[in-house]
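2 protein chains.
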Amino acid sequence: MRLVIADCSVDYSGRLDAHLPRATRVLMLKADGSVLVHSDGGSYKPLNWMSPPCRVEVIEPDESDAGVQEVWQVIPLKSDGELRVRIYGIVADIEQDLGVDPGLTKDGVEAHLQELLAQQVPTILGTGWTLLRREHPTPIGPVDLLVYDPEGKPVAIEVKRRGGIDGVEQLTRYLELLGREERYREIRGIFAAQEIAKQARTLAEDRGIECLILDYQAMRGMDNAEDRLF
Amino acid sequence: MRLVIADCSVDYSGRLDAHLPRATRVLMLKADGSVLVHSDGGSYKPLNWMSPPCRVEVIEPDESDAGVQEVWQVIPLKSDGELRVRIYGIVADIEQDLGVDPGLTKDGVEAHLQELLAQQVPTILGTGWTLLRREHPTPIGPVDLLVYDPEGKPVAIEVKRRGGIDGVEQLTRYLELLGREERYREIRGIFAAQEIAKQARTLAEDRGIECLILDYQAMRGMDNAEDRLF
DNA sequence: CGGTAGATTTCGAAC
DNA sequence: GTTCGAAGTCTACCG
Numbered sequence: 002m003r004l005v006i007a008d009c010s011v012d013y014s015g016r017l018d019a020h021l022p023r024a025t026r027v028l029m030l031k032a033d034g035s036v037l038v039h040s041d042g043g044s045y046k047p048l049n050w051m052s053p054p055c056r057v058e059v060i061e062p063d064e065s066d067a068g069v070q071e072v073w074q075v076i077p078l079k080s081d082g083e084l085r086v087r088i089y090g091i092v093a094d095i096e097q098d099l100g101v102d103p104g105l106t107k108d109g110v111e112a113h114l115q116e117l118l119a120q121q122v123p124t125i126l127g128t129g130w131t132l133l134r135r136e137h138p139t140p141i142g143p144v145d146l147l148v149y150d151p152e153g154k155p156v157a158i159e160v161k162r163r164g165g166i167d168g169v170e171q172l173t174r175y176l177e178l179l180g181r182e183e184r185y186r187e188i189r190g191i192f193a194a195q196e197i198a199k200q201a202r203t204l205a206e207d208r209g210i211e212c213l214i215l216d217y218q219a220m221r222g223m224d225n226a227e228d229r230l231f
Numbered sequence: 002m003r004l005v006i007a008d009c010s011v012d013y014s015g016r017l018d019a020h021l022p023r024a025t026r027v028l029m030l031k032a033d034g035s036v037l038v039h040s041d042g043g044s045y046k047p048l049n050w051m052s053p054p055c056r057v058e059v060i061e062p063d064e065s066d067a068g069v070q071e072v073w074q075v076i077p078l079k080s081d082g083e084l085r086v087r088i089y090g091i092v093a094d095i096e097q098d099l100g101v102d103p104g105l106t107k108d109g110v111e112a113h114l115q116e117l118l119a120q121q122v123p124t125i126l127g128t129g130w131t132l133l134r135r136e137h138p139t140p141i142g143p144v145d146l147l148v149y150d151p152e153g154k155p156v157a158i159e160v161k162r163r164g165g166i167d168g169v170e171q172l173t174r175y176l177e178l179l180g181r182e183e184r185y186r187e188i189r190g191i192f193a194a195q196e197i198a199k200q201a202r203t204l205a206e207d208r209g210i211e212c213l214i215l216d217y218q219a220m221r222g223m224d225n226a227e228d229r230l231f
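In the order they appear, the protein sequences are chains S and G. Numbered according to my numbering, the first sequence spans residues 2 to 231. Numbered according to my numbering, the second sequence spans residues 2 to 231.
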């Protein structure tokens, strides 16, 4: 890993063309040849970059490049295009071997939401509701949860972290497909998510799909409580 | 902007929980308080981060934190959660004021595709096809292109760089809406994109929507050729 | 300001 | 290996 703070301009050519005028920025050169150009703001996304695998070559400045000390040409190994960094002056330059990173462990995504809801069907949906199965396969993909309501009627549940129109469309397709089978002829849908966009809710309710807000903290707490009981 | 190379472990708590075991990494602290944790690989996405606006506080290590020199607590100003960086040792530490970045200028592909297709209707769709209009307005948004086939029948075209299921749904809604008008009663659809996902193609064809792969290079070449002729 | 659609998306899992 | 959906997505656009 090499970190350089430099006065530079950057040109990218590839899927699109982009240009960064001259300014002081941070250049991150990773071991795989990738280069990231960061400014003092934005977010975690760099202003410009080249994805690995790629190769960095230092080439001579053109005659037209007045004041340019050196030019870095970053070339992707498996695609076309290039990233060209023109260095007008280097403020700082450090290099350090970082070794291999042990990597990130995550907890609390959509899969977990689905798992918790599956475990807590009677608690969350109400007494008399039962789980039929998770990841029920259909030709156009698996339905997250299939449950029975207290009257024994089938209900398909689509679980999302954030519920948008896409999710409603997805559930609608499942309902349409399942509805063709005799045993699911009167199947209903529940759209369950931590947050549901207003327009998604409108669309869902217009189609007779019930919306359900999931409280992840509470569901996880319930999970822990049960862990302690048994 | 402050850049630190340090032996550290990281814990994130917020939308999810995540943990990074102890290792040597690059810590980027931006002027807006945001912090990025990078390793020597991956891509431009950091292993972990806190999005601005946020605040960094150096707090005393816990008694349980054996060997920890200092702890950085990064707290978002407009949401819950925190990013906690435990520093076991600092390898390098540089700080530099970068000023305000002039920002990136892009030269895009996206809108260009639609423009090129509009210009080259007979070339790409075939002799006898004619352009009616671009960005044809409907209550749910503009249809990219409206054209007539050689028999004078109307066809709606949705242009995407990458064609996914969403695009097919979008075109389907347009077709359904336009089909209610007498003059568009028998309107058909063409789903045009540089790449079309297999499931999107299946869905489209199931609905009687034709799929068309666009060759951006060839279309741009054609455009240049015409430029030279006139 | 909220919602939606696109991204040089990146990332991971399933097939 | 390919394909597809999710993301702590981020970001611009539009009402």
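Positions of the beta carbon are idealized from the N, C-alpha and C atoms, including for glycine. None of these values were measured; they are calculated from a predicted model.
Hey, is Gln97 (chain S) close to the ligand SAH, as in C-beta under 7 Å from one of its heavy atoms? This structure simply doesn't include the ligand SAH, nor any ligand for that matter.
Chain G partners of Ser40 (chain S), CB-CB under 7 Å? Taking the first sequence and counting its residues from 1, one reaches residue 40 (chain S) at position 39. Neighbours of Ser40 (chain S) on chain G, chain order: Leu99 and Asp102.
Mind checking whether Pro47 (chain G) and Ser35 (chain G) have CB atoms under 8 Å apart? Locating residue 47 (chain G) in the second sequence gives position 46, where the first residue counts as 1. Locating residue 35 (chain G) in the second sequence gives position 34, where the first residue counts as 1. Between Pro47 (chain G) and Ser35 (chain G), the CB-CB gap reaches or exceeds 8 Å.
Do the CB positions of Glu177 (chain G) and Ile191 (chain G) come within less than 8 Å of each other? Locating residue 177 (chain G) in the second sequence gives position 176, counting from the first residue. Locating residue 191 (chain G) in the second sequence gives position 190, counting from the first residue. Result no, Cβ atoms of Glu177 (chain G) and Ile191 (chain G) do not sit closer than 8 Å.
Using beta carbons (cut-off 8 Å, strictly below), is Leu73 (chain G) in contact with chain S? Taking the second sequence and counting its residues from 1, the one referred to as residue 73 (chain G) is at position 72. In the sequence on display, residue 73 (chain G) carries Trp and not Leu. No, Trp73 (chain G) does not count as interfacial toward chain S.
Neighbour list for Thr106 (chain S) in chain G, Cβ cutoff strictly below 7 Å: Position 105 of the first sequence, counted from the start, is the residue given in the question as residue 106 (chain S). Within chain G, the residues near Thr106 (chain S) are Ala19 and His20.
Leu4 (chain G): first and last residue of the uninterrupted beta strand (DSSP E) it sits in: Start at 1 with the first residue of the second sequence, and residue 4 (chain G) comes out as number 3. Its beta strand (DSSP E) spans residues Arg3 to Ser14.
Just grab the DSSP bridge partners of Arg163 (chain S) for me. If you number the first sequence from 1, residue 163 (chain S) lands on position 162. Residue pairing by DSSP puts Arg163 (chain S) in a beta bridge opposite S:Glu196.
Out of curiosity, what's the CA-to-CA distance linking Arg208 (chain G) and Tyr13 (chain G)? Numbered from its first residue, the second sequence carries residue 208 (chain G) at position 207. Numbered from its first residue, the second sequence carries residue 13 (chain G) at position 12. Answer to the nearest angstrom: the Cα atoms are 45 Å apart.
Which bits of chain S does Asp33 (chain G) rub up against, with CB to CB less than 7 Å? Within the second sequence, the letter at position 32 stands for residue 33 (chain G). Ordered by position in chain S, the residues that pass the 7 Å Cβ test against Asp33 (chain G) are Gly42.
Determine the closest residue to Leu179 (chain G) out of G:Gly164, G:Pro138 and G:Asp63, with distance taken between C-alpha atoms. On the second sequence, residue 179 (chain G) is found 178 positions in, with the first residue counted as 1. Checked all of G:Gly164, G:Pro138 and G:Asp63; the closest Cα to Leu179 (chain G) is G:Pro138.
Glu170 (chain S) versus chain G: which residues are under 9 Å apart at the beta carbon? The residue given as residue 170 (chain S) occupies position 169 in the first sequence. The contacting residues are Ile166, Asp167 and Glu170.
Would Met220 (chain G) pass as an interface residue toward chain S - the criterion being a Cβ-Cβ separation below 8 Å? For this step, residue 220 (chain G) is matched to residue 219 along the second sequence. Closer than 8 Å: no.
Taking only beta-carbon positions, decide if Ala7 (chain S) is within less than 8 Å of chain G. Within the first sequence, the letter at position 6 stands for residue 7 (chain S). No, its Cβ sits nowhere closer than 8 Å to a Cβ of chain G.
Let me see if you follow: with CB-CB separation under 8 Å, is Lys46 (chain S) close to chain G or not? By one-based count along the first sequence, residue 46 (chain S) stands at place 45. Output row for Lys46 (chain S): interface = yes.
Proximal residues of chain G, C-beta to C-beta of Ser52 (chain S) below 9 Å: Reading the first sequence from its first residue, position 51 is the one you call residue 52 (chain S). Ser44 and Tyr45, listed in chain order.
Let's see if you can read the secondary structure: which residues bound the alpha helix (DSSP H) around Pro54 (chain G)? Along the second sequence, read from residue 1 onward, the residue named residue 54 (chain G) stands at position 53. Taken as a continuous stretch (DSSP letters only), Pro54 (chain G) belongs to no alpha helix (DSSP H), as it is neither H nor E.
So Ala7 (chain S) and Ile88 (chain S) are in contact, right, with Cβ under 8 Å, and what is the actual spacing, rounded? Within the first sequence, the letter at position 6 stands for residue 7 (chain S). Within the first sequence, the letter at position 87 stands for residue 88 (chain S). Confirmed, Cβ separation roughly 5 Å.
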